[in-house]
Structures are given as C-alpha cells and as structure tokens.
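Q: Would you mind keeping the following structure in view while I ask a few things?
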Amino acid sequence: MADARTAPSHPSDTPGSPLPRSSAIADPAPLGLAAFALTTFVLSVINTDMVPASQTGAVLGLALAYGGIGQFAAGLWEFAKGNTFGATAFCSFGAFWISYWWLVERDLGSLGADAYKGVGLYLLAWGIFTAYMTVAASRVSLAVFVVFVLLTLTFIVLAIGEFAESTGWHKFGGWIGLVTAVAAWYASFAGVTNFTFKRTVLPTAPR
C-alpha cells in the first residue's frame, strides 16, 4: 500500500508498481496483503458454512501468527518506509487478527447470553475504521480501493448478522469476505510479480 502523500519525485510503492522507490528495505505491502488475504479466506470459508463452525479453531493459529504478527510486522516496515497509509492499515489489521484470536480463544465463552451484542459491536467498530480508511485507499490504487470497499461491506454485513442473530446475514458476510480475500491476494500477487519481472505484469491502476 502506498502513502497518498508520497513525494512525486519518487515512483509509487503501490502494489503492482514496476519501479518501487529506492529503500533500504523491500516493499512490505505484498506480505501484509497476503497475510490478510489468507487468514480472511480461511475464516470466510467457515463463515459461509462450507466448513462447519466447529472448525473455527483451524483459523486461530493463522490469526495469531500470519494475519496478526506477520501483518503487524509489515506495518512496522511501512513506518520505516515513511508510508503512513500502509503502516496504519497493516498494523491495525494485524492487531485485529490478534484481538480476534484472543476473543475466540479466551473471551468468547465468558461473554454469556449477550455475546452476540459484544461481537456485533466489535465488528461494527472495525467496519467504521475500514470505511474511513477506504477514503484514503481511493488515492492509493484501484486494487487496494476495491479491497477496502469489500472489507467494509464484510464487517458491516457480519455485524448485522450478529445483532440480528441471523445465520443468513452471517453466511452472506462470509461470501463477501471470500471476494475480499481474492481481491487482496490479487494485489499481493501483483506486487510480488511486477517487482520480480521489473515491469507491470498485473495492473493495479495506481492513482
């Protein structure tokens, strides 16, 4: 992900840029996007009920190690590159996955009969954060913007599903989450492939 305020004298660090800005470290965006995409994909498959909810534990290791720690590390490297947008996004969503791991592993059973209200509020708050990040994402690239639009919808639909205690809304959120994961994988794939080939193989439409 690229900072909308990157100086015009440097090429963009947007995923898919064939000529990344000179830096002492590699572009961390493909790592952050891949960590987000894979973890979102596994959880979303469970949310759609293609794999039963009893298997939610299968995503917890991913949520902690890859979606959480891996993505948070990508955010720290974005700070080192001077990329405010990427740093905020990756650190925040890395923290989201760590908090999700903690919620399911430690807290969910202690929330009682009103757990759906707490989880609904949790998802709604993340939807609000993602919505305002979407505004900034519109100045990064079309690929990243699509990811943030879809993720905002995912959080909002899942929040509605929790508040309404509706399995239908929950499954719908899972399907949107799958599309979100594919979009994030594409952006990550573009970043790695275009850098490796030193030309634009997969377009991301940087702004």
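For the sequence shown, the residue numbers in the working numbering are 1382 to 1588. Ideal Cβ placement from N, Cα and C applies to all residues, glycine included.
(1) Is it right to say Ser1425 is buried, meaning 16 or more other beta carbons lie within 10 angstroms of its own, or is it exposed?
(2) Identify, in the order they occur along the chain, each residue of the same chain with its Cβ nearer than 7 Å to the Cβ of Ala1468, setting aside the five sequence neighbours on each side.
(3) Could you name the residues that DSSP lists as bridge partners for Ser1522?
(4) Would Phe1529 pass as a contact of Thr1511 if the rule is Cβ separation under 8 Å?
(5) How long is the line joining the alpha carbons of Ile1537 and Arg1580, rounded to whole angstroms?
(6) Pick out the complete alpha helix (DSSP H) segments inside the segment 1505-1551, 4 residues or longer, and give them in chain order.
(7) Can you check whether the C-beta of Val1432 is within less than 8 Å of a C-beta belonging to chain C?
(8) What whole-angstrom Cβ distance do Ala1416 and Gly1438 have, given they're in contact under 8 Å?
(9) Taking the Cβ atom as the reference point for each residue, do Leu1505 and Ala1540 lie within a distance shorter than 8 Å?
(10) According to the Cβ coordinates, are Ala1562 and Thr1421 closer than 8 Å?
(11) Determine the extent of the alpha helix (DSSP H) in which Leu1445 is found, giving its start and end residues.
(12) Can you tell me whether Tyr1513 is buried or exposed? The criterion is at least 16 other CB atoms within 10 Å of its CB, across all chains shown.
(13) Let me confirm a value: Ala1405 is counted as buried when at least 16 other C-beta atoms fall within 10 Å, else exposed. Which label applies?
(14) Determine the burial state of Thr1548: buried for a count of at least 16 other Cβ atoms within 10 Å of its Cβ, exposed for fewer.
(15) Considering only the beta carbon of each residue, do Asn1464 and Gly1555 sit closer than 8 Å?
(16) Given this structure, state the Cα-to-Cα distance separating Pro1411 from Ser1569, to the nearest angstrom.
(17) For the alpha helix (DSSP H) containing Ala1468, list its first residue and its last residue.
A: So, from the listed chains and residues:
(1) So Ser1425 ends up on the buried side.
(2) Listed in chain order, the non-local C-beta contacts of Ala1468 below 7 Å within the same chain comprise Gly1456, Glu1459, Phe1460, local neighbours out to five positions each way being set aside.
(3) Answer is Pro1587, bridged to Ser1522.
(4) Here Phe1529 is near Thr1511, since their CB atoms are less than 8 Å apart.
(5) Approximately 37 Å, taken between the alpha carbons.
(6) Those alpha helix (DSSP H) runs which fall completely within the segment 1505-1551 and span 4+ residues are 1523-1544.
(7) Judged by its chain identifiers, the structure shown contains no chain C, having just a single protein chain.
(8) The pair is not a contact, with the Cβ atoms about 19 Å apart (cut-off 8 Å).
(9) Yes.
(10) Yes. Within cutoff.
(11) Judged by DSSP secondary structure, Leu1445 falls within the alpha helix (DSSP H) whose first and last residues are 1438-1445.
(12) Exposed, because fewer than 16 other Cβ atoms sit within 10 Å of the Cβ of Tyr1513.
(13) By the 10 Å Cβ count, Ala1405 comes out exposed.
(14) Exposed: under 16 other Cβ atoms inside 10 Å.
(15) No; because the gap between Cβ atoms is not below 8 Å, this pair is not in contact.
(16) Roughly 4 Å between the two C-alpha positions.
(17) That run of the alpha helix (DSSP H) goes 1465-1483.
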